[in-house]
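Inspection log for the structure reproduced underneath, given as structure tokens.
Residue numbers (my numbering): 300 to 602.
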């Protein structure tokens, strides 16, 4: 991590606009990401995008030092649900990281896809995240869409931005949810005390809505289906914890010491639906619940 100082020579302008003019080597989206992550400080204080700069301000950008990384093809098994010349839909297993990052350059879904697709993936997101238009967590399994052309990437980027994608997840949560159905409408932002976590923030959070439906109740646990109306980072995990029902296995937003001993949150992306960028036909893809869910439920029934 390195720090970049920016001298303020005028006042009254929004900080995101000011930085984009002062540092034309950074894209506006990258600057916005720095601000959202709390990596832009004014006079040693984290600020929001709408902060108006003043001449005496001292602006510091905390920017990750450049790391030389290349995503390389690897002969890893991936379950392909659909593939054509524009997209590929896969069933990502639990425990597999979606794309390489510093300290984790191999064994990812991208490494497997580069081998499977012989390098034919969209390059809008650069060499380290080719084809990746959306992500699910390492410990979340299920349906994931990857783009093979830049045309498809731009198309789906807009679809995800406008929430025009159908996404259904399944989860096992702690506690018994008494309502058969529910809607969680609570804005989400970075946790001000831990920038690696998200949290509900009524004042500064981004609009976030999760719909849930109870599938089966057990003693002290509930199996639910959740549909995302929006797509914020860790949205389901944050929202369910917010209403007092964190996901089983989620040591970040739930119990630090889990009663059930499986690793990672019990969350599965079961369905993904969208209008195909070329045929314009609506299609859906599903992935069955992984064996882990049955194993957890069996443990619960024996408790």
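Think of the CB as a built atom: it goes at the ideal place given N, C-alpha and C, for glycine as much as any other residue.
Item to complete: Quick one: using the 10 Å Cβ neighbour count with 16 as the cut-off for buried, is residue 466 buried or exposed?
Response: Residue environment for residue 466: buried (at least 16 other C-beta atoms within 10 angstroms of its C-beta).
Fill in: CB contact flag (residue 519, residue 553, <8 Å)
It is not a contact, given that the beta carbons lie outside the stated cut-off.
Discussion item. For residue 528 and residue 308, what's the separation of their Cα atoms in angstroms?
Written reply: C-alpha separation (whole angstroms): 42 Å.
Discussion item. Helix, strand or coil for residue 312? Go by DSSP, reduced to three states.
Written reply: Coil, per DSSP.
Practice prompt. Assign residue 568 to one of three DSSP states: helix, strand, or coil.
Written response: Strand, per DSSP.
Worksheet item: Is DSSP giving residue 562 helix, strand or coil here?
Response: In the structure shown, residue 562 sits in coil (DSSP, three-state: anything other than H, G, I, E or B).
Fill in: Residue environment, residue 525, which counts as buried when at least 16 other CB atoms sit within 10 Å
Only buried fits residue 525, as 16 or more other CB atoms lie within 10 angstroms of its CB.
Fill in: Nearest to residue 304 (by Cα), restricted to the options 490, 362 and 311
Measuring from the Cα of residue 304, the nearest candidate turns out to be 362.
Discussion item. Classify residue 587: buried if its beta carbon has 16 or more other beta carbons within 10 angstroms, exposed otherwise.
Written reply: Sixteen is the threshold: since fewer than 16 other Cβ atoms of the shown chains lie within 10 Å of the Cβ of residue 587, the residue is exposed.
Fill in: Whether residue 484 touches residue 514 by CB criterion (8 Å)
At the C-beta level, residue 484 and residue 514 stay beyond 8 Å of one another.
Worksheet item: Are three or more beta carbon pairs between the stretch 397–415 and the stretch 531–538 nearer than 8 Å?
Response: The stretch 531–538 and the stretch 397–415 do not touch, with fewer than three beta-carbon pairs separated by less than 8 Å.
Practice prompt. Determine the burial state of residue 564: buried for a count of at least 16 other Cβ atoms within 10 Å of its Cβ, exposed for fewer.
Written response: That one is buried.
Worksheet item: Hey, out of 306, 318, 593 and 573, whose CA is closest to residue 451's CA?
Response: With respect to the C-alpha of residue 451, the residue from 306, 318, 593 and 573 having the closest C-alpha is 573.
Fill in: Every unbroken alpha helix (DSSP H) within the stretch 395–469, with a cutoff of 4 residues, ordered by chain
The stretch 395–469 contains, as complete alpha helix (DSSP H) runs of 4+ residues, the segments 408–415 and 449–460 (chain order).
Discussion item. By the DSSP assignment, the beta strand (DSSP E) with residue 510 in it spans what residues?
Written reply: Residue range 508–517 is occupied by the beta strand (DSSP E) that includes residue 510.
Item to complete: State the Cα-Cα distance for the pair residue 277 and residue 433, rounded to the nearest angstrom.
Response: Outside the modelled stretch of the chain, which goes from 300 to 602, sits residue 277, for which no answer is possible.
Discussion item. If you follow the beta strand (DSSP E) that residue 489 is in, where does it begin and where does it stop?
Written reply: First-last of the beta strand (DSSP E) with residue 489: 487–489.
Fill in: Backbone secondary structure at residue 525 - three-state DSSP
Judged by DSSP in its simplified three-state form, residue 525 adopts strand.
Discussion item. Quick check: what's the CA-CA separation for residue 366 versus residue 404?
Written reply: Any answer about residue 366 is weak, because its pLDDT of 48 lies below 50 and its placement is not dependable; what the coordinates show is given next. Going by the C-alpha atoms only, they are around 11 Å apart.
Discussion item. Suppose you measure from the CA of residue 399 to the CA of residue 428; what does that come to, to the nearest Å?
Written reply: Approximately 7 Å between the Cα atoms of the pair.
Practice prompt. Note down the Cα distance separating residue 280 from residue 455, rounded to an integer number of angstroms.
Written response: The question about residue 280 has no answer, for the chain in this structure spans 300 to 602.
Discussion item. Considering only the alpha carbon of each residue, which of 348, 530, 577 and 558 lies closest to residue 503?
Written reply: Answer by Cα proximity: 348.
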